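Visitor: Below is a structure I'd like to ask you about.
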Amino acid sequence: MSTTSVAEAARWFAEAASITVLTGAGVSTDSGIPDFRGPQGVWTRNPAAEKLFTIDNYLADPEVRRQAWAARRTSPLWTAEPNAAHRALADFERTGRLRALVTQNTDGLHQAAGSGRVIELHGTAREAACLDCGARMPMTEVLPRLEAGEADPPCLECGGILKSATISFGQQLDGDVLDAAAEAARDADLFAAIGTSLGVYPAAGLCDYAVAHGARLVVVNAEPTPYDDVADAVLREPIGDVLPRLLGV
Ligand SMILES: [Zn+2]
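According to the UniProt record's numbering, the residues represented by the sequence shown are 1 to 249, in order.
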């Protein structure tokens, strides 16, 4: 594993003309959004919960949908604020050298911090989508229906099943979104993977695209990742501390 210092990696950020960043759950934990696969992750502690949230179970079982809606209603998302890492990335975008901010997160906190070049690989929990007709609406239009007593609110257009506009297990990523992320990875001369365990594909594969096209790879994550051996720098420091130093903001 590389022993590159934060200061040296920061020089690479200062010199790079085109930087693509991939963020994962570790960027939002300081905002009170739990991660799923870390040591204290939701699914690490309760593997059965991961099985529950497959698209097939969601479509087949009204009880799964009721549980999912109850969780959305009480999600920490609705009170979460962007943290130092989100703000550092939004500030860095103003340098004009951020090619794209690709995120596995569905919490919308990058946009809340002011980031504009966001590619949401796994969709957004701030919208609901109909699994039958494709209608989309802000989640804030659906949550009041739960408050009013609907445990599994159907689509108002067609009566179909509604779900958060996120990618669940068993659902394909949006092809256009994935293409845009892959292009941003290939265009970058520096690719940074921040707060992601790089264990989920195709998100993790963006590192391969970037490296294959000659980019430097910087990994910032508390836990080891499968890409630590190919990374030019691996930084274990807390993300909220290290990002402002790394990005020079
Ligand atoms: Zn519908």
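Every residue, glycine too, gets a C-beta built ideally from N, C-alpha and C. Please read all numbers here as calculations on a predicted model, not as lab measurements.
Roughly how many whole angstroms lie between the Cα atoms of Gln67 and Leu98?
Guide: 39 Å
Visitor: For Asp132, is the beta carbon positioned less than 7 Å from some heavy atom of ligand 1?
Guide: yes
Visitor: May I ask you to report which of helix, strand or coil DSSP gives residue 292?
Guide: What is shown of the chain runs 1 to 249, which leaves residue 292 out entirely.
Visitor: Please name the residue, chosen from Glu147, Glu183, Leu162, that lies closest to Asp132 on a Cα-to-Cα basis.
Guide: Leu162
Visitor: How many Å lie between Ala16 and Phe191 at the Cα?
Guide: 10 Å
Visitor: Check this for me: beta carbons of Met139 and Ala128, under 8 Å apart or not?
Guide: yes
Visitor: Drop a sphere of 10 angstroms on the beta-carbon of Arg65, count the other beta-carbons inside from all chains shown, and report buried for 16 or more, exposed for fewer.
Guide: buried
Visitor: Could you check whether Thr166 and Thr124 sit closer than 8 Å to each other, using their CB atoms as the reference points?
Guide: yes
Visitor: Skipping 5 residues on each side, what residues in its chain have a beta carbon closer than 6 Å to that of Leu243?
Guide: Contacts found: Ala85, Ala88.
Visitor: Is the number of C-beta pairs between the segment 171-178 and the segment 146-160 that are closer than 8 Å three or more?
Guide: no
Visitor: Under the three-state reduction of DSSP, which class applies to Cys207: helix, strand or coil?
Guide: helix
Visitor: Less than 7 Å between the CB of Ala135 and some heavy atom of ligand 1, yes or no?
Guide: yes
Visitor: Identify, in the order they occur along the chain, each residue of the same chain with its Cβ nearer than 6 Å to the Cβ of Arg145, setting aside the five sequence neighbours on each side.
Guide: Pro153
Visitor: List the whole-angstrom C-beta distance separating Ala184 from Val118, where the pair is believed to meet the contact cut-off of C-beta under 8 Å.
Guide: Rounded, the Cβ-Cβ distance is 11 Å, inconsistent with contact.
Visitor: Which residue wins for smallest C-alpha separation from Cys158, given the options Ala135, Ser164, Ser168?
Guide: Ala135
Visitor: Starting from Ser197, follow its DSSP beta bridges and name the residues at the other end.
Guide: DSSP lists no bridge partner for Ser197.
Visitor: Name, in chain order, the residues that DSSP records as bridge partners for Arg216.
Guide: Partner(s): Leu190.
Visitor: Rounded to whole angstroms, how far is the Cβ of Asp186 from the Cβ of Ala204, which I believe are closer than 8 Å?
Guide: This sequence places Arg at residue 186; Asp is not what is there. Actually they do not touch by this definition, with Cβ atoms about 15 Å apart.
Visitor: Would you mind working out which of Val219, Glu223, Val230, Pro224 sits nearest Ser5, comparing C-alpha positions?
Guide: Val219
Visitor: On the DSSP letters alone, give me the boundaries of the alpha helix (DSSP H) that Ile55 sits inside.
Guide: 55-60
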